[in-house]
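Below is one structure, written out as structure tokens; the observations come after it.
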Amino acid sequence: MRTFDFDLFVIGGGSGGVRAARMAAQRGARVALAECAELGGTCVNVGCIPKKLYSYAAGYAEAFEEATGFGWDLGEPRFDWNRLKSNRAREIQRLNEVYRSLLEGAGATLVQGWAQLADAHTVQVGERRFTAQHVLIATGGMPFVPDLPGREHVVVSDAMFDLDPFPKRLLVVGGGYIACEFASIFNGLGAEVVQLQRSAHLLSDFDEDIREFLAKEMRRAGVDIRFNAEIASIRRLDSGLCAILSRGQRVEADAILFATGRVPNTQGMGLEAAGIVLDAQGRVEVDARYRSSVPSVYAVGDVSTRQQLTPVALAEAMAVVDTLFGTGKRRLDYDYTPTAVFTHPNIGTCGYTEAAARARFGAVTLYSSEFRALRHTLSGSAERTFMKLIVDKASDRVVGLHMVGPDAGEIVQGFAVAMRAGATKAMFDSTIGIHPTVAEEFVTMREPMPG
Ligand code: NDP
1 MRTFDFDLFV IGGGSGGVRA ARMAAQRGAR VALAECAELG GTCVNVGCIP KKLYSYAAGY
61 AEAFEEATGF GWDLGEPRFD WNRLKSNRAR EIQRLNEVYR SLLEGAGATL VQGWAQLADA
121 HTVQVGERRF TAQHVLIATG GMPFVPDLPG REHVVVSDAM FDLDPFPKRL LVVGGGYIAC
181 EFASIFNGLG AEVVQLQRSA HLLSDFDEDI REFLAKEMRR AGVDIRFNAE IASIRRLDSG
241 LCAILSRGQR VEADAILFAT GRVPNTQGMG LEAAGIVLDA QGRVEVDARY RSSVPSVYAV
301 GDVSTRQQLT PVALAEAMAV VDTLFGTGKR RLDYDYTPTA VFTHPNIGTC GYTEAAARAR
361 FGAVTLYSSE FRALRHTLSG SAERTFMKLI VDKASDRVVG LHMVGPDAGE IVQGFAVAMR
421 AGATKAMFDS TIGIHPTVAE EFVTMREPMP G
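With the UniProt record's numbering, the residue at position 46 of the sequence shown is 46, and numbering never jumps.
Set out below in structure tokens:
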């Protein structure tokens with residue numbers, strides 16, 4: 001029988017890769033993991049974690065304003081961008097070390113460098129070659145910037161956390177998660193933000209009422225959102241950068257963020273030469289067990305998945321470890337995956353949009369509620385909250401739950417459990433609310449929306 005250096009060689013030390021390596025090593029497998037940058041991948045270094053920290057920072061601007069209505073008098077608040085940057089960097093460095101010690105503690109071997117697949121069982125990192133019975137590709141994705149004159153002047157989300165100096169005027173291009181979150185964050189931190197979206201709405205996969213409500217609230221908060229707007233070229237001026245739109249208008253800014261989608265990291269890794277089939281988007285094609293077209297090679301997370309979310313990568317990684325070193329019974333069900341967009345205010349969502357529910361279930365009943373939260377009766381803020389439930393008429397099951405409002409991500413997480421358990425509208429109605437909260441509104445919606 002052929003012997004290998006390792007049972008599992010993981011390429012990529014982000015959320016999915018580290019989870020797989022650690023769990024496999026804990027089960028006694030001989031595991032190596034190659035990473036060419038810091039451990040933790042996009043989520044820890046340039047994604048979820050620093051983004052959420054900056055989102056908290058942005059939230060203080062509103063909190064200071066609102067405090068006055070509750071009797072507080074504060075001096076003129078001042079914001080120190082450099083202090084935020086260095087505090088964030090220190091925390092991220094701490095997390096990098098936590099990841100390292102988790103891996104080493106579990107007995108995995110860390111290999112620093114760029115890994116390439118030499119064949120179905122061989123990984124090359126620099127001059128070194130390692131053989132493995134199984135290989136897991138977990139290399140994630142990276143921002144995509146379309147080709148246009150002046151492209152070299154723009155930044156992508158990875159660079160937003162360390163911009164120097166703080167951009168007083170920020171132009172954000174795109175209408176997806178990343179564009180909306182950074183537009184909200186920098187608006188909160190005090191930048192003048194213009195957001196350009198090529199189509200007529202933000203967040204195209206979200207429920208229509210939700211995305212319209214969010215755009216209204218983001219505008220109210222100060223983001224200048226412009227729809228049906230595309231950039232033809234970008235020029236550098238003495239006073240900053242100038243984007244020339246396809247209809248001739250100009251927008252000047254100190255920094256231009258392109259958040260126009262992400263592409264999988266599959267280039268320069270020898271994947272196709274090793275026989276791995278990629279789909280039209282360049283993602284590794286996998287079967288229901290995350291196995292690629294080469295039977296010894298698996299892939300999880302953004303490099304292969306259709307739901308680019310950290311918890312999805314983690315769950316996929318654990319399913320692969322179970323397939324290779326466990327019972328083989330663990331399966332992932334992507335239905336009712338909850339998600340949040342950390343805009344100001346947040347979106348929290350679980351299940352089907354109204355359009356998707358109509359297409360899937362036919363007749364649906366809709367419930368919605370829009371209100372000013374109790375907090376804002378004294379805060380003076382005009383911010384409003386919107387909630388929507390979509391119920392399959394035939395089964396009474398709640399198949400869509402959506403919210404725009406403070407802490408929507410926190411609120412929707414709990415409801416996602418109920419939805420996965422198949423909760424009906426009657427169960428929602430029979431649940432006692434927690435008073436006074438915003439979340440109680442989800443169990444007190446009685447009157448269906450007309451139509
Ligand atoms: P998205 O795919 O969500 O959004 C891309 C945006 O860019 C869309 O608005 C799209 O417009 C626009 N766009 C695409 N190509 C062009 C182009 N050539 N010119 C102009 N505009 C263009 O990508 P993101 O990068 O925002 O996020 C990637 C993924 O990362 C998300 O789908 C999400 O899964 C994940 N993520 C999750 C977060 C969370 O959980 N909170 C946070 C951040 C990211 P159109 O709508 O017209 O197609």
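Heads up, the beta-carbon is just placed ideally off N, CA and C, and yes, glycines get one too.
Keep in mind the model is a prediction, meaning the values are calculated, not measured.
Given glycine 222 as reference, the closest of Leu237, Glu192, Gln249 and Asp7 once Cα atoms are compared: Comparing C-alpha distances from glycine 222 to each of Leu237, Glu192, Gln249 and Asp7 shows the shortest one belongs to Glu192.
Where tyrosine 334 falls, given that 16 or more other Cβ within 10 Å makes a residue buried: Classification for tyrosine 334: exposed.
Any alpha helix (DSSP H) of 4 or more consecutive residues that is wholly inside the region 100 to 180: Those alpha helix (DSSP H) runs which fall completely within the region 100 to 180 and span 4+ residues do not exist here.
Residues sharing a beta bridge with isoleucine 256, DSSP: Per DSSP, Leu171.
Alpha helix (DSSP H) segment containing residue 460, residue limits: Absent from the model: residue 460. The displayed extent of the chain is 1 to 451, so no value can be given.
Beta-carbon proximity check, residue 461 vs isoleucine 390, cutoff 9 Å: The chain is shown only over 1 to 451; residue 461 falls outside these bounds and no answer can be derived.
Three-pair Cβ contact test at 8 Å for the region 310 to 322 versus the region 146 to 159: No, they do not touch.
Buried/exposed call for phenylalanine 371, threshold 16 Cβ in 10 Å: Exposed, since its Cβ has fewer than 16 Cβ neighbours within 10 Å.
Residue span of the alpha helix (DSSP H) that contains proline 50, given as start and end: First-last of the alpha helix (DSSP H) with proline 50: 48 to 67.
Cβ-heavy atom distance, glutamate 316 to ligand 1, below 8 Å: No.
Ligand 1 heavy atom lying under 8 Å from the CB of serine 204: Serine 204: yes, Cβ under 8 Å from ligand 1.
Beta-carbon proximity list for alanine 63, same chain, < 6 Å, skipping 5 on both sides: Within the same chain, no Cβ atom closer than 6 Å to the Cβ of alanine 63 is found once the five residues on either side in sequence are excluded.
Cβ-Cβ separation, valine 297 to valine 135 (assumed contact under 8 Å), whole Å: With 8 Å as the limit, valine 135 and valine 297 qualify as a contact, their Cβ atoms being about 5 Å apart.
heavy atom of ligand 1 below 8 Å from phenylalanine 342 C-beta: Indeed, a heavy atom of ligand 1 lies less than 8 Å from the Cβ.
Proximity test, alanine 159 beta-carbon vs ligand 1 heavy atom, cut-off 8 Å: Shortest gap from the CB of alanine 159 to any heavy atom of ligand 1: 8 Å or more.
Reduced DSSP category for alanine 34 - H, G, I as helix; E, B as strand; rest coil: In the structure shown, alanine 34 sits in a strand (DSSP, three-state: E or B).
Nonlocal neighbours in the same chain, by C-beta distance under 6 Å from glutamate 440, ignoring five residues either side: Non-local beta-carbon contacts of glutamate 440 in its own chain, meaning distances under 6 Å to residues more than five positions away in sequence, involve Gly433 and Ile434 in chain order.
Reduced DSSP category for arginine 219 - H, G, I as helix; E, B as strand; rest coil: Looking at arginine 219 - three-state DSSP - the assignment turns out to be helix.
Close Cβ partners of glycine 150 (< 7 Å) along its chain, the five nearest in sequence each way excluded: Only residues of its own chain outside the window of five on either side were considered, and among them Ser233, Ile234 and Arg235 have a CB closer than 7 Å to the CB of glycine 150, listed in chain order.
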